[in-house]
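Asks:
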Amino acid sequence: MNNMKMVLRCLVLLPLAVIGGCSESSTSSDSNTSSRPTLYYFTWSDYVDPEVVAKFEAARGVRVVVDSFSSNEELLAKVQTGMTGYDVVVPSDFMAGIMGRLGLLAELELERIPNVRDLESHLQELPFDPTNRFSIPYFWGTVGIGYNADVVTEPPTSWEALWDPQFSGRISMLNDEREVFGLALRALGYSLNSVDPQAIQQAKHKLIVQKPLVKAYTSDQFDQLLVAGEVVLAHAWGGPVARAMRERPSIRYVIPQEGGTIWTDCLAVLASSPNQALAMDFINYLLDEEVALLTSKRLLFASANRHVRDRLPANIRDNHAVYPPGEVLPRMEWMEDVQEAIRYYDRAWTELKVQ
Amino acid sequence: MKRIPTSFLLNSMMVMLFLYLPVVILIGMSFNASTMGIAWKGFTVQWYQKLVMDPSILDATLNSVFIACVSTGLALILGVGTAIGLEKNQGMQMPWVNMVMVLPLVIPEILLGVALLMVFVLCRIPLGFGTIIIGHMVFNLPLTVVIVRARLRKLDPAWEDAARDLGATPWNVLTRITLPMLRPAIWGAALLGFTVSLDDFVVTFFVAGPGSTTLPLKVFSMIKTGITPEINALSAVMVVVSMICVGLSWLFQQRSTVGSSESTLS
Amino acid sequence: MTTCLSTSSAFPVKLILLSAGIFLSLFFLVPLLLVFGVSLASRGMYGGIAWIATWENYQRLLDPLVGTIFLRSFLFAGLTTIVCVVVGFPLAYCMARASRQWQLLLLTLVMIPFWTNFLVRTYAWVLIFRADGILNTFLMRLGLLEEPLSLLFTDVSVFVGLVYGYLPFMVLPLVVAIERISPQLEEAAFDLYASMGAMFRHVLLPLSKPGFIAGGVLVFIPSLGAFITPYLLGGGQKMMLGTLIQQEFLVSRDWPFGSALSFGLMGTVLLLWFLLGRTSYGRNSS
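Chains as they are written, first to last, in this note's numbering: chain A, 1 to 355; chain B, 1001 to 1266; chain C, 2001 to 2286.
#1: Is there contact between the segment 2167 to 2174 of chain C and the segment 2225 to 2233 of chain C, where contact requires at least three CB pairs shorter than 8 Å?
#2: Is there contact here, the segment 1165 to 1183 of chain B with the segment 1127 to 1140 of chain B, by at least three beta-carbon pairs under 8 Å?
#3: Return the CA-CA distance between Val1015 of chain B and Leu2151 of chain C, expressed in angstroms with no decimal places.
#4: Any heavy atom of the ligand MN within a distance shorter than 7 Å of the CB on Met1029 of chain B?
#5: Ordered along the chain, which non-local residues of its own chain (more than five positions away) have a Cβ less than 8 Å from that of Ala1208 of chain B?
#6: Pull up the CB-CB distance for Ala2131 of chain C and Thr1082 of chain B, whole angstroms please, since I reckon it's below 8 Å.
#7: Within its chain, find whatever has a CB closer than 6 Å to the CB of Phe42 of chain A; leave out the 5 residues flanking it on each side and keep chain order.
#8: Is there a C-beta anywhere in chain A that falls below 8 Å from the one on Leu2015 of chain C?
#9: Where does Lys353 of chain A fall in DSSP's three states?
#10: Rounded to whole angstroms, what is the Cα-Cα separation between Leu1191 of chain B and Ser1012 of chain B?
#11: Name the two residues that bound the continuous alpha helix (DSSP H) containing His1136 of chain B.
#12: Among C:Leu2272, C:Leu2261, C:Leu2271 and C:Trp2273, which has the Cα closest to the Cα of Gly2067 of chain C?
#13: Out of curiosity, what's the CA-to-CA distance linking Asp1054 of chain B and Val1237 of chain B?
#14: Quick one: list the residues of chain C neighbouring Glu1230 of chain B, beta-carbon separation under 7 Å, in chain order.
#15: Helix, strand or coil for Met173 of chain A per DSSP?
#16: For chain B, find out if any of its Cβ atoms is closer than 8 Å to the Cβ of Ser2039 of chain C; answer yes or no.
#17: Would Met2239 of chain C and Ile2134 of chain C be called neighbours here (beta carbons separated by less than 8 Å)?
#18: Going by DSSP, what residues sit across from His320 of chain A in a beta bridge?
#19: Pick helix, strand or coil for Tyr190 of chain A, following the three-state DSSP scheme.
#20: Expressed to the nearest angstrom, what Euclidean distance is found between the alpha-carbon atoms of Ser1007 of chain B and Gly1188 of chain B?
#21: Name the residues in the segment 1202 to 1213 of chain B whose C-beta lies less than 7 Å from a C-beta of chain A; which are they?
#22: With DSSP collapsed to three states, give me the class of Ile1004 of chain B.
#23: Can you check whether the CB of Phe1139 of chain B is closer than 8 Å to the CB of Pro1108 of chain B?
#24: With DSSP as the reference, identify every bridge partner of Trp2051 of chain C, one or two as the case may be.
#25: For Lys1041 of chain B and Ala1185 of chain B, what's the separation of their Cα atoms in angstroms?
#26: Is the Cβ of Tyr190 of chain A closer than 8 Å to any Cβ of chain B?
#27: Unbroken alpha helix (DSSP H) runs of length 4 or more, entirely within the segment 71 to 126 of chain A: which are they?
#28: Under the assumption that Gly1135 of chain B contacts Thr1195 of chain B (Cβ atoms under 8 Å), give the Cβ distance between them as a whole number of angstroms.
#29: Report yes if the C-beta distance between Leu2241 of chain C and Leu2265 of chain C is below 8 Å; otherwise report no.
#30: In whole angstroms, give me the CA-to-CA distance for Glu289 of chain A and Asp220 of chain A.
#31: Would Ser31 of chain A count as contacting chain B if we go by Cβ distances under 8 Å?
#32: Using a beta-carbon distance below 8 Å, is Thr2068 of chain C in contact with chain A?
#33: Would Glu74 of chain A pass as a contact of Leu2270 of chain C if the rule is Cβ separation under 8 Å?
#34: Does any CB atom of chain B fall closer than 8 Å to the CB of Ser2150 of chain C?
#35: Thinking C-alpha only, which one of C:Arg2180, C:Arg2060 and C:Ser2042 is nearest Thr2054 of chain C?
#36: Evaluate contact between the segment 141 to 148 of chain A and the segment 240 to 257 of chain A, counting only Cβ atoms and requiring at least three cross-stretch pairs below 8 Å.
This is the structure in structure tokens:
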């Protein structure tokens, strides 16, 4: 009787394992068990679009497995170990530069990616990879201030708006070392890629002054906080603010006069990828005008493909959170790798957080 | 019925409420038509529909369940045996053995995750289901050992001695006396181990490979886009399924206790 | 307690013991040694590891900045543990003294919320604490509040999140410990005219000590290294130990320093555990 109970127990676990196993083999990473080649796509959680992926799978008869990450550093940390198995990755501008320099990215055969010719003019010949040797811009955007016009009746014109004691406890900043310090540096008149320890210290002190006013340092919840009314001024990326606008029309987006970060997330192929040709085809597919149009409409990000802009509905095209007005572009600065100086930033950031 | 102070009963009810409050909210929100925020925007089952059609979340859940079953199962087999072996064997009663056994539970999870990653990378073991299962076993095994051993110590050796005297082989003693007496502890270890494995984030984060996303990993990456209500729907489903399982096993227990004589727990 | 070796001489047991030993050595001890080795190395240019030996990482542990973070995390974890004890003990007592069927039911009832995903459960507290969240809406409807309380992204919200996450780890060992105490001891105390309070103080609590220690360890240690809860409920405001370690590994990518920090944390924890163990080591080990 007791033996039976033990056996029963084992039997309970086994079928569960078998059921799980059956589903596992359908998501298995062994390409020898499935007859279709499999492509592994590692992208920002914001950019996951199952419909687009399914179309590619159907058109090419392949499987695409999508995993996501939420920060550049996370991407690098995972890829640096070299054991990932991913084919296509999506690093941001300066991270693409770093990864390229570290030899982590494969050289792109641009003949396989004809859509590279459709890049927006300001996205061509970027400092970190002028010839698109290992990366191609996918989406781009800006960093600015998202605010609730019902409460913040005067549209902010400067980053100093985030230091306004009137809105104490209702301000949020990104939880990103370079972005936060970049903002403070720009507000002080320095470049956001400054490697001067003094400038960084000044920025730190300015941020410490701000800290009591800050509700949260968050890179992914500021849109919800804006919608909830918990926060009325947010240091923000454009895309999420555009999406928040759909939920709460009183939300606006503005880029301060000091200018800020312009960013682009790039498509790249890992050097360790076993499917480089397929990966490049996928990149070309993602950059295709029709596909990019669909994704832009759904995710409210500005596509790097210049033909998409005119085909978008006016409410997206004219939305400054998605497409910044042309006169703003010269004021924007690309984030670059600061090399050893990152240690000053690291330390200053930790000191800021400990307050 | 023993005397239990009313304040304790009250406290227990409040704690239960406290434990279930987030769960109730999740279930409630799963029917809310709003994509962000609390404000009730109408009743809807669209999130459940989306859940059924979203392969990635379901895949992640099945992955999690599979990994939890395998790692808990293996940990049980190894763990129960280890506990018995350690407890009965005089030569193994050294304090440092206890220490090493419990160490995986004591060190910060992030250290464990990173350490495992480094080993896998160095030995060129591809990251995937296998590495995650190994990672989970590293903390499930000690967990099982600790729980089973605690119970083992309280067992009256008289039963085993009697069985031996009656000519039972060591194997018989093991399977007919020791293991059944350990049943509550084995269940406890299985339950706890399964739960911990299902929920594990840190270690899994470091040793997961492409295509082996578990639910916690999937949820973490979804937080960036704001938890879509699909996850609320999934949580609601998981809770209901668990409750059904519990109800069934309770009923089953009721039936089985009627016939057999139950030994007291202490 | 038992001198009987017959069970252990059952062949499978020895084999299992050996396999377990090999498994743990390979996938636990060796990795730990590796990390220790890394903690003595230097940070590569873009993060990662440059194999140049140095003590610098451990020297940095003595930095007052790190010390502040250690202290804050210790206080948080300690407070969490205490609250878990206070809140969890009555529940554990009720569960331990319940009839067998109830016990199993209660046990699994306590576990069910923990079969929903930890991240989602913790995130639900964001929904509760938000300015437009459940708690504030409720209190304002009742007229107790005029303006919403700013509870989210404070020490309070992190604290509640931690207690919520680790409560079962306190309750379960306590249940096991209390169960072992024969109810007859309690009856005896009452027979000797002890009040309920006195019975608890002099009989139950001292005898439950192993449960407190086990539970305490299972709550204090993870709370110390926690970083998900502070991340979701803390709004990136305060740097705690877990957050710092995670930041070193994933953001600054200073793996050697991160390893040194982890070892520092582990060392402190082991020290505490050793001291605790000295006071109650014996037949009842955690």
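No residue lacks a Cβ here, since even glycine has one placed at the ideal position from N, Cα and C.
Please read all numbers here as calculations on a predicted model, not as lab measurements.
Replies: In short:
#1: no
#2: no
#3: Looking up residue 1015 of chain B in the second sequence gives position 15. Looking up residue 2151 of chain C in the third sequence gives position 151. So the alpha carbons of these two residues sit roughly 20 Å apart.
#4: This structure lacks the ligand MN, and indeed carries no ligand of any kind.
#5: Taking the second sequence and counting its residues from 1, the one referred to as residue 1208 of chain B is at position 208. Same-chain partners within the cutoff: Leu1127, Gly1128, Thr1131, Ile1132, Thr1214 and Leu1217.
#6: Here residue 2131 of chain C corresponds to residue number 131 of the third sequence, with the count starting at 1. Here residue 1082 of chain B corresponds to residue number 82 of the second sequence, with the count starting at 1. Contact flag wrong, Cβ pair sits at about 51 Å.
#7: Counting from 1 along the first sequence, the entry for residue 42 of chain A is found at position 42. Contacts found: Asp67, Tyr86 and Val89.
#8: Within the third sequence, the letter at position 15 stands for residue 2015 of chain C. No, Leu2015 of chain C lies away from the interface with chain A (no Cβ there is under 8 Å from its Cβ).
#9: As a working mapping, residue 353 of chain A is identified with position 353 in the first sequence. It is helical.
#10: Your numbering for residue 1191 of chain B matches position 191 in the second sequence. Your numbering for residue 1012 of chain B matches position 12 in the second sequence. Answer to the nearest angstrom: the Cα atoms are 21 Å apart.
#11: Position 136 of the second sequence, counted from the first residue, corresponds to residue 1136 of chain B. It spans Phe1129 to Arg1153 - the alpha helix (DSSP H) in which His1136 of chain B sits, taken as one unbroken run.
#12: Along the third sequence, read from residue 1 onward, the residue named residue 2067 of chain C stands at position 67. Gly2067 of chain C has its Cα closest to that of C:Leu2261, out of C:Leu2272, C:Leu2261, C:Leu2271 and C:Trp2273.
#13: As a position in the second sequence, residue 1054 of chain B is number 54, starting the count at 1. As a position in the second sequence, residue 1237 of chain B is number 237, starting the count at 1. So the alpha carbons of these two residues sit roughly 15 Å apart.
#14: The residue labelled residue 1230 of chain B in the question sits at position 230 within the second sequence. Ordered by position in chain C, no residue passes the 7 Å Cβ test against Glu1230 of chain B, which lies about 11 Å from the chain.
#15: For the purposes of this step, residue 173 of chain A is identified with residue 173 of the first sequence, where counting begins at 1. Here Met173 of chain A sits in strand by DSSP.
#16: In the third sequence, residue 2039 of chain C corresponds to position 39, counting from 1. So no, Ser2039 of chain C is outside the interface.
#17: For the purposes of this step, residue 2239 of chain C is taken as residue 239 along the third sequence, with counting starting at 1. For the purposes of this step, residue 2134 of chain C is taken as residue 134 along the third sequence, with counting starting at 1. Not in contact: Met2239 of chain C and Ile2134 of chain C (Cβ atoms no closer than 8 Å).
#18: Along the first sequence, read from residue 1 onward, the residue named residue 320 of chain A stands at position 320. None; His320 of chain A has no bridge partner.
#19: Counting from one through the first sequence, the residue named residue 190 of chain A turns up at place 190. Coil at Tyr190 of chain A, not helix or strand.
#20: Locating residue 1007 of chain B in the second sequence gives position 7, where the first residue counts as 1. Locating residue 1188 of chain B in the second sequence gives position 188, where the first residue counts as 1. So the two alpha carbons sit approximately 28 Å from each other.
#21: Gly1209, Pro1210, Gly1211, Ser1212 and Thr1213
#22: The residue labelled residue 1004 of chain B in the question sits at position 4 within the second sequence. In the structure shown, Ile1004 of chain B sits in coil (DSSP, three-state: anything other than H, G, I, E or B).
#23: For the purposes of this step, residue 1108 of chain B is identified with residue 108 of the second sequence, where counting begins at 1. For the purposes of this step, residue 1139 of chain B is identified with residue 139 of the second sequence, where counting begins at 1. Against a cut-off of 8 Å, the Cβ pair of Phe1139 of chain B and Pro1108 of chain B comes out as no contact.
#24: As a position in the third sequence, residue 2051 of chain C is number 51, starting the count at 1. Paired residue(s): none; Trp2051 of chain C is not in a bridge.
#25: Position 41 of the second sequence, counting from 1, holds the residue named residue 1041 of chain B. Position 185 of the second sequence, counting from 1, holds the residue named residue 1185 of chain B. Distance between the alpha carbons of Lys1041 of chain B and Ala1185 of chain B: 47 Å.
#26: Numbered from its first residue, the first sequence carries residue 190 of chain A at position 190. Not one chain B Cβ lies under 8 Å of Tyr190 of chain A.
#27: 72 to 80 and 93 to 101
#28: Indexing the second sequence from 1 puts residue 1135 of chain B at position 135. Indexing the second sequence from 1 puts residue 1195 of chain B at position 195. Gly1135 of chain B to Thr1195 of chain B, Cβ: 16 Å. No contact.
#29: What you label residue 2241 of chain C is simply residue 241 of the third sequence in a count that begins at 1. What you label residue 2265 of chain C is simply residue 265 of the third sequence in a count that begins at 1. In this structure, Leu2265 of chain C lies closer than 8 Å to Leu2241 of chain C by Cβ.
#30: Indexing the first sequence from 1 puts residue 289 of chain A at position 289. Indexing the first sequence from 1 puts residue 220 of chain A at position 220. Cα-Cα distance, rounded: 28 Å.
#31: Counted from its first residue, the first sequence places residue 31 of chain A at position 31. Only weak support exists for where Ser31 of chain A lies, its pLDDT of 38 falling under 50; the coordinates are left without a value.
#32: In the third sequence, residue 2068 of chain C corresponds to position 68, counting from 1. Yes, its Cβ sits closer than 8 Å to a Cβ of chain A.
#33: Taking the first residue of the first sequence as 1, we reach residue 74 of chain A at position 74. Taking the first residue of the third sequence as 1, we reach residue 2270 of chain C at position 270. No, the Cβ-Cβ distance between Glu74 of chain A and Leu2270 of chain C is not below 8 Å.
#34: Position 150 of the third sequence holds residue 2150 of chain C. Ser2150 of chain C does not count as touching chain B.
#35: Indexing the third sequence from 1 puts residue 2054 of chain C at position 54. Nearest of C:Arg2180, C:Arg2060 and C:Ser2042 to Thr2054 of chain C, Cα basis: C:Ser2042.
#36: yes
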